[in-house]
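A short write-up of the structure that comes next.
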Amino acid sequence: MRIYFSIILFIFIPFMLFSQEYEQGFIDTVYQFTPGVYIEEYEWQSHFPENIFGPPSDKASLQVPASATADVLPIGIGGEIIVGFKGKALFNGPGYDFIIFENAFLNPINKGIFAEPAKVAVSQDGIHFIEFPYDTETLEGLAGLTPVIGTKDPFIHPACGGDAFDLDDVGLSFITHIKLTDFTDIILTLDTKHKYYNPEHILSGFDLDAVSARYLADESLASIIQFDNKYDFTIHSNYDYIQVISNESNINLIASVFDMYGRKVNSHNFSDYLQIPISGYSSGIYLMQIADSQGQILSIYKFVKL
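Take the sequence shown: its position 94, counted from the start at 1, is 84 in this note's numbering, and no numbers get skipped.
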């Protein structure tokens, strides 16, 4: 029965992890930028990268987008940028996890949206990216479709405008990198009566204003979150191992680690001190259960191996 209890508890861990404190914030790191066509260096170098850090421009509105190079970065046709959060990982929380702000706007004449969209992909290591799915007819799933309302709270969507993304849609528990690839060419495949259609001669590519994130936490290879505690332990972690220190001596203990599918990865007997090597673990969510020699569960922790 104890094994059954442990596995069921682990299945529910993702729903419990948001008892911890998370930060809201904005991108503050550029890992790579490849400008597309129609972009001259003078258009982006003078204010880059500060023009995409922090909140979206407070000048942006439904019909009047931010356009100054101090406020937005022109990516250009076919351009690409990879951004992230210094020392932070973005976790998968309830609802949408991050919002991308471009400078789309409502055309008051034809009531259409002037949009120069981008494809969005995310990664846990900056090497392997998973692209958000999108609809080639509605364009849902792309960034750069929704006007920005710069006077609103940039973490409350849809009031703030921009396009929101949920990590559930790509099956990831956390990310460290966001890649935006200009996809303005898709506009030319739309029917001329489509709300996003605009003629080629006025299109120049995606313009990035800002990216806000709702669930940021310190980046470490083992992010420890405690769920249940019937006993006093001190937990430390670094790149290579997790340390467990018992604050009561001369008690025989067992620390077991399970992966996200409930499979036991390893088990360690200890009394006062234990060091669990994790450098060889695959990225993902793990459960560490500490029990006494009779199998009584004393404490449960979740850690994320990035």
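For every residue, glycine included, the Cβ atom is placed at its ideal position computed from N, Cα and C.
Are the Cβ atoms of residue i and residue j separated by less than 8 angstroms?
| i | j | result |
| --- | --- | --- |
| residue 129 | residue 187 | no |
| residue 231 | residue 289 | no |
| residue 27 | residue 67 | yes |
| residue 203 | residue 16 | yes |
| residue 248 | residue 234 | no |
| residue 140 | residue 47 | yes |
| residue 106 | residue 174 | yes |
| residue 12 | residue 205 | yes |
| residue 39 | residue 200 | no |
Do we get a CB-CB distance below 8 angstroms when we pair residue i with the residues of chain C?
| i | result |
| --- | --- |
| residue 101 | Within the model displayed, chain C is absent; a lone protein chain is all it includes. |
Taking the beta strand (DSSP E) that residue i falls in, what are its first and last residues?
| i | result |
| --- | --- |
| residue 235 | 231 to 236 |
| residue 259 | 254 to 260 |
| residue 294 | 287 to 295 |
| residue 157 | Element bounds for residue 157: n/a, residue is neither H nor E. |
| residue 279 | 274 to 282 |
| residue 119 | 119 to 121 |
| residue 263 | 263 to 267 |
| residue 170 | 167 to 172 |
Whose C-alpha, out of the options, is nearest the C-alpha of residue i?
| i | options | result |
| --- | --- | --- |
| residue 81 | 167, 196, 253 and 270 | 167 |
| residue 21 | 12, 64, 75 and 65 | 75 |
| residue 19 | 94, 41, 36 and 138 | 41 |
| residue 37 | 280, 64, 107 and 96 | 64 |
| residue 156 | 133, 104 and 176 | 133 |
| residue 112 | 208, 61 and 169 | 169 |
| residue 278 | 284, 270, 261 and 250 | 250 |
| residue 14 | 254, 49, 78 and 62 | 78 |
| residue 281 | 59, 269 and 260 | 260 |
| residue 258 | 293, 271, 242 and 273 | 242 |
Run through DSSP, which three-state label would residue i get?
| i | result |
| --- | --- |
| residue 19 | strand |
| residue 146 | coil |
| residue 190 | helix |
| residue 4 | Bear in mind that a pLDDT of 38 at residue 4, under 50, signals an unreliable position, so the number given afterwards is only what the model happens to contain. Note: residue 4 maps to helix in three-state DSSP. |
| residue -8 | Low confidence applies here, because residue -8 scores a pLDDT of 36, under 50, leaving its location unreliable and the question unanswered by this model. |
| residue 211 | Confidence at residue 211 is low in this model, with a pLDDT of 40, below 50, so the placement of that residue is unreliable and no value is reported for it. |
| residue 177 | helix |
| residue 241 | coil |
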